[in-house]
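Novice: Mind looking over this structure? Questions follow.
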Amino acid sequence: MTSKAYAQSAFFTSTTPEASDAAPAKRKRISVYDAVAGRISTHGSFIPKHPVVASTVDTVPSFTTASAPEEVLFRRKNAPTRFAEHDIYFASDRDIQANDLPESDLLKALHAYTSEFYSRASPDGGSMDWRSLDETALIALGILMEEASRLAKTSDLALTEGETVGLPAQSAKSDSRLHETKTAPPGPPKRSKKKRRIDTDGVID
Numbered sequence: 080m081t082s083k084a085y086a087q088s089a090f091f092t093s094t095t096p097e098a099s100d101a102a103p104a105k106r107k108r109i110s111v112y113d114a115v116a117g118r119i120s121t122h123g124s125f126i127p128k129h130p131v132v133a134s135t136v137d138t139v140p141s142f143t144t145a146s147a148p149e150e151v152l153f154r155r156k157n158a159p160t161r162f163a164e165h166d167i168y169f170a171s172d173r174d175i176q177a178n179d180l181p182e183s184d185l186l187k188a189l190h191a192y193t194s195e196f197y198s199r200a201s202p203d204g205g206s207m208d209w210r211s212l213d214e215t216a217l218i219a220l221g222i223l224m225e226e227a228s229r230l231a232k233t234s235d236l237a238l239t240e241g242e243t244v245g246l247p248a249q250s251a252k253s254d255s256r257l258h259e260t261k262t263a264p265p266g267p268p269k270r271s272k273k274k275r276r277i278d279t280d281g282v283i284d
């Protein structure tokens, strides 16, 4: 029969002086980039890449639910107080004219997608691409996406190079000359034979 301590993994390993003297691992600080990428949970900690959830749980655990960037920002020490009537976080929506900046939800989606893509596609987990899509770069990408969406059905062609359909005008003319039917060159004009009139009296002119 398995002991309770073994089943609960409650055994303690003996610590050596070398292991105890080792410096503790540095804890990664939460940044606004992680919050925008959806890596921070409502508990204020990083969402694990491979979360383990019990089979008896029928709801989404809070430690796997991403928190909004503004919530992470205002949880920090010395953060300003937010008011429902005059929220300082959305001051840009009131002070800047409409249509000057891309939609914030679009920028969040673009940032989250690119961050997740590079973290999985690159061998170093995207560590070399940190902060490469911030500020003006992200705004420019958002403006590009909004302008492309206004092209309706042909929006997917806005970022591609057009393909030449048919032949250029000069080559088309040369090809048409090659395919023309060859005819014999015109010769000198033939002289019409002179017709003699027969007189009714039998005299020939």
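For the sequence shown, this note's numbering gives the first residue as 80, with consecutive numbering after it.
All C-beta atoms in this analysis are idealised placements derived from N, C-alpha and C, irrespective of residue type, glycine included.
Run the CB neighbour count on residue 132, radius 10 Å, all protein chains shown included, and call it buried at 16 or more, exposed below.
Specialist: Classification of residue 132: exposed, given that the 10 Å Cβ count is below 16.
Novice: For a test of the three-state rule: what should DSSP assign to residue 142, helix, strand or coil?
Specialist: The answer is helix: DSSP assigns residue 142 an H, G or I state.
Novice: Among the candidates 216, 159, 120, whose CA atom is the shortest distance from the CA of residue 148?
Specialist: Ranking the options by Cα distance to residue 148, first place goes to 120.
Novice: Hey, residue 189 and residue 217: beta-carbon distance below 8 Å or not?
Specialist: Contact: yes.
Novice: Check whether the Cβ atoms of residue 129 and residue 142 sit closer than 8 Å, and answer yes or no.
Specialist: No, Cβ-Cβ distance for residue 129 and residue 142 is not below 8 Å.
Novice: In angstroms, rounded to a whole number, what distance separates the CA positions of residue 195 and residue 145?
Specialist: Rounded to the nearest angstrom, the two C-alpha atoms are 14 Å apart.
Novice: If you follow the alpha helix (DSSP H) that residue 199 is in, where does it begin and where does it stop?
Specialist: Here the alpha helix (DSSP H) through residue 199 covers 183 to 200.
Novice: Which partner residues of residue 125 appear in the DSSP bridge assignment?
Specialist: Answer by DSSP bridge pairing, in chain order: 119.
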